[in-house]
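The numbering used here puts the first residue of the sequence shown at 1224, with every later residue one more than the last.
Even glycine gets a Cβ: it sits at the ideal position worked out from N, Cα and C.
Beneath this line is the structure, given in structure tokens, with notes to follow.
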Amino acid sequence: MGKLLPDQLKELWRCVDRGQLTREEFAREQERLLGGYRERWEAALLTGGHTDLESSLIGELALYFGHDESEHTRLQCSDALANVKGEWHKAVDPGDRRSVERFYEESRAMIYELVWWHTLCEDTSPLAYVTALHFAELHGCRTTLDFGAGVGSGGIVFTRNGLKVTLADISTSMLDFSRWRFNLRGLEGEFTDLKTDTLPPGAYDLVVAMDVFEHLVDPVRTVDDLWRAMKPGGYLFGRFHAELDEDRPHHIVRDFAPTLERLRTLGFEECWRDEWLWGHQAFRKT
1224 MGKLLPDQLK ELWRCVDRGQ LTREEFAREQ ERLLGGYRER WEAALLTGGH TDLESSLIGE
1284 LALYFGHDES EHTRLQCSDA LANVKGEWHK AVDPGDRRSV ERFYEESRAM IYELVWWHTL
1344 CEDTSPLAYV TALHFAELHG CRTTLDFGAG VGSGGIVFTR NGLKVTLADI STSMLDFSRW
1404 RFNLRGLEGE FTDLKTDTLP PGAYDLVVAM DVFEHLVDPV RTVDDLWRAM KPGGYLFGRF
1464 HAELDEDRPH HIVRDFAPTL ERLRTLGFEE CWRDEWLWGH QAFRKT
């Protein structure tokens, strides 16, 4: 099954440093290896005979929201990030949990924005979900919590590849969309609304919090909640840093030091770090 892709690429770059590989050869090999992750992502998400991920995901949105024209849906996707920014500034107090929850509950633009991101049209960072899947396979993880599951693409990828998955989010509307997507594919999953439900104790081999912690009103408390939900020896896979991004005001956490300190206090040990592609980390509950 081999090493995780970021580790492969970091090791491959050493060949460039030693003069054994040119930069152009490295770039071609990186694209080839990324292509393998892309194939796993697309194979899990494509529906209805589609061979193109963008048209497949846009078709899902059009079907779910009852649009006759996919071009209308594509326009909603391309405008989604600007619409999310406008909605956030209009309605949200970042320190007020209820206003944040209400935003994620009511924002249709957020659904469009996430689905558009998952088309890989603008960047490949959603393939970090495939890194998490590969990590799960290497470490024998079966029961998986997709925490902050959003529109459910990660959960679909995990389920398609044999993991038992619970999708958890504060947005009922996103969970409804995720459940619909699972049904469309004939997949089974569990869905937890974090506004009303609590996570079961000691239930998960792996918790994936993919680009989630920068959205949280209380990330330190969230670490405690996830610690309780994980099995002894379980893993937390996530991204625990964020860059200043004026286009994404909903990324409200800038200082991750308290979160990382809480992880250490609870006995989490860092066991892996992506030092090449997207900067995710994995921690083991000891």
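My assumption, with CB atoms under 8 Å, is that residue i sits in contact with residue j. Please give the rounded CB distance.
i	j	result
Ala1556	Phe1370	Beyond the ends of the chain as shown, which are 1224 and 1509, falls residue 1556; an answer cannot be given.
Leu1422	Ala1452	4 Å
Cys1494	Ala1505	5 Å
His1362	Tyr1458	6 Å
Phe1414	Leu1386	So it is not a contact: roughly 15 Å between Cβ atoms.
Gly1456	Arg1507	7 Å
Ala1372	Ala1332	With 8 Å as the limit, Ala1372 and Ala1332 do not qualify as a contact, their Cβ atoms being about 18 Å apart.
Ala1465	His1473	Their Cβ separation, rounded to whole angstroms, is 11 Å, which puts Ala1465 and His1473 out of contact at 8 Å.
Output the boundary residues of the alpha helix (DSSP H) element that contains residue i.
i	result
Met1453	Note, Met1453: premise wrong, no alpha helix (DSSP H); beta strand (DSSP E) at Met1453 to Gly1461.
Ala1305	Ala1303 to Ala1314
Gln1243	Per DSSP, Gln1243 belongs to no alpha helix (DSSP H) and is neither H nor E.
Ala1465	Element bounds for Ala1465: n/a, residue is neither H nor E.
Glu1277	Leu1276 to Phe1288
Consult DSSP for residue i and reduce its assignment to one of helix, strand or coil.
i	result
Glu1492	strand
Glu1414	Sequence check: residue 1414 is Phe here, not Glu. Three-state DSSP puts Phe1414 in a strand.
Ala1432	strand
Phe1479	coil
Lys1508	strand
Answer with yes or no whether the minimum CB distance from residue i to chain B is below 8 Å.
i	result
Ala1426	Of the protein chains in the structure, only one exists, and it is not chain B.
Do you know whose CA, among the options, lies nearest residue i's CA?
i	options	result
Gly1461	Asp1230, Phe1436, Asn1306 and Gly1258	Phe1436
Val1353	Arg1237, Arg1507 and Leu1268	Leu1268
Leu1228	Gly1242, Cys1344, Asp1468 and Arg1255	Arg1255
Leu1429	Gln1253, Thr1366, Arg1471 and Leu1467	Thr1366
Asp1447	Pro1424, Glu1294, Glu1469 and Gly1456	Pro1424
Cys1364	Ser1293, Glu1252, Lys1454 and Pro1349	Lys1454
Asp1441	Val1323, His1273 and Tyr1327	Val1323
Leu1374	Leu1500, Glu1283 and Ser1278	Residue 1374 is actually Val in this sequence, not Leu. Of the candidates Leu1500, Glu1283 and Ser1278, the one whose C-alpha sits nearest the C-alpha of Val1374 is Glu1283.
Ser1376	Asp1478, Ser1301, Gln1243 and Arg1263	Arg1263
Thr1419	Leu1500, Met1397 and Ile1393	Ile1393
Trp1311	Glu1294, Leu1235, Ser1396 and Arg1325	Arg1325
Leu1356	Ser1348, Gly1378, Leu1439 and Phe1400	Gly1378
Gln1253	Trp1236, Ser1293, Gly1271 and Thr1482	Trp1236
Glu1360	Thr1342, Thr1382 and His1341	Thr1382
Thr1347	Glu1265, Ser1401 and Arg1485	Glu1265
Cys1300	Arg1321, Leu1337 and Thr1274	Leu1337
Val1443	Val1388, Leu1489 and Gly1272	Leu1489
Glu1484	Ala1250, Thr1445 and Glu1466	Thr1445
Ser1330	Glu1345, Ala1314, Trp1340 and Leu1343	Ala1314
Leu1276	Glu1247, Ala1250 and Trp1340	Trp1340
Leu1439	Thr1482, Leu1410, Ile1281 and Gly1502	Thr1482
His1295	Arg1251, Tyr1335 and Gly1412	Tyr1335
Val1380	Asp1399, Arg1404 and Leu1398	Arg1404
Val1307	Met1397, Glu1248, Arg1471 and Leu1467	Arg1471
Gly1258	Leu1343, Arg1297 and Ala1305	Leu1343
Tyr1327	Asp1399, Thr1509 and Asp1291	Asp1399
Tyr1200	Leu1407, Arg1320 and Lys1233	No answer is possible for residue 1200: it lies beyond the span of the chain, which begins at 1224 and ends at 1509.
Which ranges would you report for the alpha helix (DSSP H) in the stretch 1324-1395 if only whole runs of at least 4 residues count?
For the stretch 1324-1395, the continuous alpha helix (DSSP H) assignments of 4+ residues that do not extend past its boundaries occur at 1331-1341, 1351-1361 and 1376-1383, in sequence order.
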